[in-house]
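Notes follow the structure.
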Ligand SMILES: Nc1ncnc2c1ncn2[C@@H]1O[C@H](COP(=O)(O)OP(=O)(O)OP(=O)(O)O)[C@@H](O)[C@H]1O
Ligand SMILES: Nc1ncnc2c1ncn2[C@@H]1O[C@H](COP(=O)(O)OP(=O)(O)OP(=O)(O)O)[C@@H](O)[C@H]1O
Ligand SMILES: [Mg+2]
Ligand SMILES: [Mg+2]
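Structure follows, in structure tokens:
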């Protein structure tokens, strides 16, 4: 029915330059997301600085980063979990369990090398995460149920193992608490570990086959199976990574605060999820960038740091924090919408 | 080299309640394009999934290059050089085009296993250029139209260096121009030494491309012929099991008053200055190249798409349509083009799907009356000849064509005046197609005004009383039945000069 | 339910006399009883020690102990535990409350069923208990803490308070007394700049402390009347090398604070002995069940190794038993206590 | 036309599928829990105790009912606990400022409804944001407003009759149980028998197709979130009555418990699946299990481990059974 000349005509009708322009524009929009959020962070920083000049001092920025380090490391793992359309509510409990076991071990063997403590905590987290991954990937239990269930189990184990006691500062050797106070290459160890984690993740997510396949699984699980991507193994891997990071953060947390409690980091998972969501990780799966997660964690870290600095009533703090997060999220939508609208206006009809 | 690159013998596959394949055979020669045809639900897609290792057959064996293989999974099939473009696009909407093309066989640096992005982007762009694509390899897959996604799927098969390429209804979502492109590509693949299995419900696809044709019916093997050794009529009999006489049964109908008129309809960035009308008993064809904005216009009329200018009149009265329920209350029905995403709830039963738009009427004070609901569903499903055991079968387990019949049935639950049918025969077999044409004709005869969006020229020309042609968001011509030929339509669809004169009805 | 309890004083009077008469009849009854203790939340070493003291006393008396604590420190969870204890028909309930008012209906129900209710450590309101076992006089705590910081900072400068949650009743009472003490002209040169809330969370307490230090660069002292808060502040001061520049005192567990007292970041702080609090509550519970006391002012009973204890007035219409003064922990004695609790 | 085909309109009774339903598993577990409780605690089978047991856990069960609808919509609402707190605090504060209790109760219900409406409006208006994001944020905001209103105070001293809601009996049956049963029946009917319920399922399965079928998707979502806010306020009433007073940190972490109950009840977070009866069974299963463990004085940490393991084991077993079938 159709004949050749027609096809050629049509091919000519498509402007050859348009395609390239469209591509660059859409690439631009995608970058814009994090930029918008970053702009919001900068604006907020200036505002706080205006109210309290000690905000943008080297010391305070160091404090801010130190306090945001653990959050930002956890947010990385959570990003991968959410990218696969999952969620992990157990990380606070995993963190507490690994922190408690490590603290107990360290207090019993004060000569233990800090590196060994870090490895021990990470291994415990890895074990917890692997178990979860097995539930999710092999048994096909929905992530929200599996992690909710294991949240209770891990928390209960933490209480049981500690016998209701805390491990206090005087029971921890200086070498152990030094993990959080020491520095590597002039950078505080916590911040250094976070930087390394971000570098590794950036590489892993963008430049390795496995990293990209995780996104593929989140973007379209059925297609992933049809094209032979090992979905189960990847899901397992994602929860194992999340667990390992929680375990690592458990050690960092305990070292930082020089105290291990049964209820350490209770409810912290929601803060981590909030950081991811602010950073543009889509709950629908498949979307999430390392840079976005970084900005999201920084924003939350900044709120936690700045509100005590502004002399606002403590009773207003929660409401203000919520309001600012709401504003940041809405501002992002507005920016995106106006970019989309401009994009439409520019289209030739 | 073996005589056949691919040989399947005595394949049987049973799903709970359905014998999808029953002792079927298939042989593919090197460098051959082999058409696989059959009614909806004949088992073609299932057969393909067995070849690609997605399903495992209950019985039968498979030989690749003369050697017997037992597929362990999709990856195994890919290693053997088998690639498939599935009926329902299986892409990763959040990833870039490049990644979609290279997923599963990424280029990595030796040693470090680092992904070679630059190389992959360049290679992807080269493949896309070769296929005549008008988009960039760094774009996000989800931003592409269905046709563009199809091109990516082909590029994917090309990049995998597949020796056996299977295309399951690749032309279903394509317009004429794109079909031509696809034919050219397919021929080039064959010239490059690949063997191709081509599934389609369009006869022209088969005649243009295939050397041989194999027909399945109801999961059974019917026969294999040389394309030129069998007449069109015999082929249809082989497929359907009976004769289908007239393909376009254009009934002479009484054309009455205007039921739908749009004036100056526009949506920033999508379409502008849309003026046309539909009269009682009239079938108005709406056609154009892919992306010309036909679906957007229809969806704006139906109250689901964006619209910022213009007026819509129903039976001469200006209508305010802000959501589909408004349109339906005014007697406008819309059959969406993507039945899987927009038309159906796949894990619901046939009955629930059919009655969803009409639930309010089938309920008393919000209380659903099941008896009434089921009798309506049964009546409509039977009227349209849905192939299933009962109205409580899950829609997701039906074949594509039967799913489409369920979508059509959904429209008929309401008291409508205007039907907007967006690609109603996409992926539908000849038998069902003629049934749908017959239904369209009957509906027109009953006094419905019908707006028929289609990319298939013969369908538009064969059925329409008038034809509206769109190009890049504007109407470029409104042709009468008498003046409409393929040439005039295509000229309007592609000519730049008509753009200022935007005709009105 | 709450509907058959009329006026506050009327109720406590009524149940008082009731308990008295039945108490005399049962005075010789030495059969083992079931006594329950509820702490704020599980996994809290302070609470564990209190329970330990309770158990110790009950072992001396030969009674059975049911010790419970919810997984989270909420009143809702404690209400459920009270229901469970009512169902088990225990003879007494001693509770360290997560909320002074919110347990009233539940505890009244328990008292209606003949269960003797007393609170310890963290009180419930006077309507929902017979007597409260007070670890230390809130007035003494508040005043002592101000006197301590006054001495540490040399009588002048800015100070701040780092509390737990803004809801914690005992914290708020102590803070009230601190403010009252500050009204004394002796402290004219001391300025209380802020009350911050660390919510008993490590991370929040740390940020709040850091915020205090930055917002008030001239800050001389921090009072943190809560273990998590004082330990977090100690950690921050240690890490920032502010020992000697910013003084720290408050209430905290010796084990948590040993590190900072030994290093001198915190010169001294206060606490009572939680074991003794539990121990005293056990004897009070036993006396209530036996009918030796009813919870009225002026009654006395023997509390094992703690000797004779008497019931005194608490506010308008409540009564309490005092354990004693808060105990001062400093470098001289911290080593012997840090492994005890 | 096509050859005429006759389609069956009779639902074949598929015994295997019928007995594989999740609700049987829950029922089985519920019976097992009751038998076990009766075995190990002499106090369990006491009528008064069993009756009172329901009072202890039913308060949050009110939110489970609309949460079922929310989850079937493939959404989630994590702001419910904060809504409870805000409604409760508003009511108590108004009452303490001299507003009559009856009016304060009405305003409490209104506050919850408004919170839900705001959630719904944000979710519908900003379709780019998912319900998780919106309610995660309003969770913080609502709780924050509660703190602004009451600061460090507790508010209470309600009239005597208000205590009846949480502690009273009607003909020997706890009032809260009666109200719960009424709401449960209403929600069950709404979900399973009405067009509205069918629309909820449709949207949960495929929102696009629902939109194209004329289902008022936005309106349904708004209504469901508003209902959730309303039921959170109902919970606020009963919970406040049980506590006799309120503070801004009331109902802390209820959201996870409520979601856990719905999910254990077979409501898939992927949307479109699950039945009301399952969620109700799950409420009683978890509630009675906790109560039974409490009666034999199992400590809190062991309770956590048992309930967590049960959640996973139950779902794992059902998954394995389904995969085999
Ligand atoms: N996963 C499945 N579960 C149950 N039945 C299935 C499944 N997949 C396919 N079927 C059934 O197998 C039969 C063959 O379906 P198939 O999709 O292979 O048909 P087809 O020839 O590709 O049709 P169409 O041309 O409409 O795409 C149909 O009756 C279908 O209902
Ligand atoms: N130049 C363009 N840039 C970006 N998007 C475009 C461009 N042209 C078209 N589109 C969009 O791409 C999509 C493709 O439209 P689609 O392929 O559905 O075409 P149609 O004419 O509406 O109908 P049909 O699908 O039946 O061919 C539409 O949403 C359209 O708005
Ligand atoms: Mg098919
Ligand atoms: Mg279209």
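Chains as they are written, first to last, in my numbering: chain A, 1 to 349; chain B, 1001 to 1505; chain C, 2001 to 2341; chain D, 3001 to 3325. Here a beta-carbon is modelled for each residue, glycine too, at the ideal position from N, C-alpha and C. Since the structure is predicted, the reported quantities are computational estimates derived from the model, not experimental observations.
Can you give the Cα-Cα distance for residue i and residue j, rounded to whole angstroms?
i, j, result
"residue 296 (chain A)", "residue 1348 (chain B)", "39 Å"
"residue 3010 (chain D)", "residue 3268 (chain D)", "27 Å"
"residue 2043 (chain C)", "residue 2060 (chain C)", "25 Å"
"residue 1065 (chain B)", "residue 1047 (chain B)", "18 Å"
"residue 2226 (chain C)", "residue 3241 (chain D)", "30 Å"
"residue 1226 (chain B)", "residue 1468 (chain B)", "39 Å"
"residue 3220 (chain D)", "residue 1277 (chain B)", "34 Å"
Can you say whether residue i is buried or exposed, counting buried as having 16 or more other CB atoms within 10 angstroms of its CB?
i, result
"residue 171 (chain A)", "buried"
"residue 2297 (chain C)", "exposed"
"residue 2138 (chain C)", "buried"
"residue 1380 (chain B)", "buried"
"residue 2027 (chain C)", "Any reading at residue 2027 (chain C) must be qualified, since the residue scores a pLDDT of 46, below 50, and its modelled position is unreliable; the value itself is stated next. By the 10 Å Cβ count, residue 2027 (chain C) comes out exposed."
"residue 1229 (chain B)", "exposed"
"residue 2125 (chain C)", "buried"
"residue 3172 (chain D)", "exposed"
"residue 1314 (chain B)", "buried"
"residue 2207 (chain C)", "buried"
"residue 391 (chain A)", "What is shown of chain A runs 1 to 349, which leaves residue 391 (chain A) out entirely."
"residue 1145 (chain B)", "exposed"
"residue 3106 (chain D)", "exposed"
Hey, quick one: how far does the alpha helix (DSSP H) through residue i stretch, first residue to last?
i, result
"residue 3167 (chain D)", "3163-3167"
"residue 3199 (chain D)", "3195-3205"
"residue 271 (chain A)", "268-278"
"residue 2078 (chain C)", "2075-2087"
Could you spell out where the beta strand (DSSP E) holding residue i opens and where it closes?
i, result
"residue 2034 (chain C)", "2034-2038"
"residue 3070 (chain D)", "From DSSP, residue 3070 (chain D) is part of no beta strand (DSSP E) but of the alpha helix (DSSP H) over 3047-3072."
"residue 2193 (chain C)", "2190-2197"
"residue 2302 (chain C)", "2300-2302"
Residues in the same chain with beta-carbon distance under 8 Å from residue i, minus the five sequence neighbours each way, listed in chain order, please.
i, result
"residue 3273 (chain D)", "3072, 3204, 3266, 3267"
"residue 1074 (chain B)", "1052, 1053, 1054"
"residue 1139 (chain B)", "1096, 1097"
Below 6 Å CB to CB, which residues in the same chain sit around residue i once its five sequence neighbours on both sides are set aside?
i, result
"residue 2023 (chain C)", "The predicted position of residue 2023 (chain C) is uncertain, since its pLDDT is 40 and thus under 50; a value taken from the coordinates is nonetheless stated next. So the qualifying residues of the chain are 2291."
"residue 3291 (chain D)", "3053"
"residue 3255 (chain D)", "3078, 3080, 3081"
Can you name the residues of chain E whose CB is closer than 8 Å to the CB of residue i?
i, result
"residue 3194 (chain D)", "Of the protein chains in this structure, namely A, B, C and D, none is chain E."
Apart from the five residues just before and just after residue i, which ones in its own chain have a Cβ nearer than 7 Å to its Cβ?
i, result
"residue 71 (chain A)", "271, 272, 275, 297, 300, 301"
"residue 3014 (chain D)", "none"
Length at least 4, wholly inside the stretch 3246-3307 of chain D: the alpha helix (DSSP H) runs in chain order: 3254-3264, 3276-3295
Within the stretch 1056-1092 of chain B, ranges of the alpha helix (DSSP H) (whole runs, at least 4 residues): 1074-1079
Whole runs of the beta strand (DSSP E) within the stretch 1119-1182 of chain B, excluding any shorter than 3 residues: 1164-1168
In chain order, each beta strand (DSSP E) run of at least 3 residues that lies wholly inside the stretch 1308-1369 of chain B: 1309-1314, 1317-1319, 1332-1335
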